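What follows is a single structure, written as structure tokens, with notes after it.
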Amino acid sequence: MTIAENRKAHFNYLIEERFEAGIVLSGWEVKAIRAGQVQLTDGYVVIKDGELYLIGCRINALRTASTHVRPEADRTKKLLMHKDQIRRLIGKVEQKGYTLVPLNLHYKGGLVKVEIALAKGKQLHDKRETEKKRDWEREKGRLMRHKVSSGPKD
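Written out as structure tokens, the structure reads:
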């Protein structure tokens, strides 16, 4: 079940490969995620000291958060993956000019997971092409609906 989705990622990047990673959260963050108080739009993944970190994922604290906890909405969150997968990602990001972007947050077996993608940034003309395709699909759908609704009557 998807919790939050980064819709801008498919528009701004060409997605090459997808990976699933665990995410280190504190208690108030899990409660806020279950309440739907999460935003992934401006998030990105960085590599520091051979570990992956999710930056820019905003989790707004609930009003019922404990008084002894200081919730920080834009806290950097550590991602959990196997060492060999992380090494492979580091190699791709450093050598080939790829970047890591979060695609969505979802539940898997009661745990919160994040799907990250190895992606390349799109050029402006690629973004325009994507927009043209989307507009054509929308127009084609309209024409088909109109054609079906005003078809021959017996």
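The sequence shown lines up with residues 953 to 1106 when you count with the working numbering. Each residue gets a CB set at the ideal place from its N, CA and C atoms; glycine is no exception. Being a predicted model, the structure only gives us computed values, none of them experimental.
CA nearest to the CA of residue i, picked from the options
{"i": "N964", "options": "R1090, K1065 and L1076", "result": "L1076"}
{"i": "F1039", "options": "G1002, S978, G1061 and H1098", "result": "Contrary to the premise, residue 1039 reads as Arg rather than Phe in this sequence. When only C-alpha atoms are compared, the closest one is G1002."}
{"i": "G1062", "options": "I975, K1084 and R970", "result": "I975"}
{"i": "I955", "options": "R1015, H962, M1033 and E981", "result": "E981"}
{"i": "K983", "options": "L1041, D1087, K1084 and A1025", "result": "A1025"}
{"i": "T1028", "options": "L1006, R970, T1016 and V1064", "result": "L1006"}
{"i": "V997", "options": "G1093, M1033 and R1080", "result": "M1033"}
{"i": "L977", "options": "R1015, R970, T1016 and P1023", "result": "P1023"}
Exposed unless 16 or more other CB atoms sit within 10 angstroms - verdict on residue i
{"i": "V1066", "result": "buried"}
{"i": "V1053", "result": "buried"}
{"i": "A987", "result": "exposed"}
{"i": "F1100", "result": "For the sequence presented, residue 1100 should be read as Val rather than Phe. Label assigned to V1100: exposed."}
{"i": "L1041", "result": "buried"}
Beta-carbon proximity of residue i to residue j, cut-off 8 angstroms
{"i": "I1011", "j": "Q1047", "result": "no"}
{"i": "I985", "j": "V1045", "result": "no"}
{"i": "L1004", "j": "L1031", "result": "yes"}
{"i": "E972", "j": "N1056", "result": "no"}
{"i": "G1008", "j": "G995", "result": "yes"}
{"i": "K1035", "j": "T993", "result": "no"}
Beta-carbon proximity list for residue i, same chain, < 8 angstroms, skipping 5 on both sides
{"i": "E968", "result": "Y1050, A1069, L1070, A1071 and K1072"}
{"i": "K1074", "result": "F963, N964, Y965, L966 and T1082"}
{"i": "K1079", "result": "F963 and N964"}
Nonlocal neighbours in the same chain, by C-beta distance under 6 angstroms from residue i, ignoring five residues either side
{"i": "G1043", "result": "none"}
Close Cβ partners of residue i (< 7 angstroms) along its chain, the five nearest in sequence each way excluded
{"i": "M953", "result": "H1058 and Y1059"}
Segments of 4+ residues assigned as alpha helix (DSSP H) that fall wholly inside the region 968-1012 | 979-986
Practice prompt. Jot down the residue ranges of each uninterrupted alpha helix (DSSP H) in the region 1030-1070, minimum 4 residues, whole runs only, in chain order.
Written response: 1035-1048
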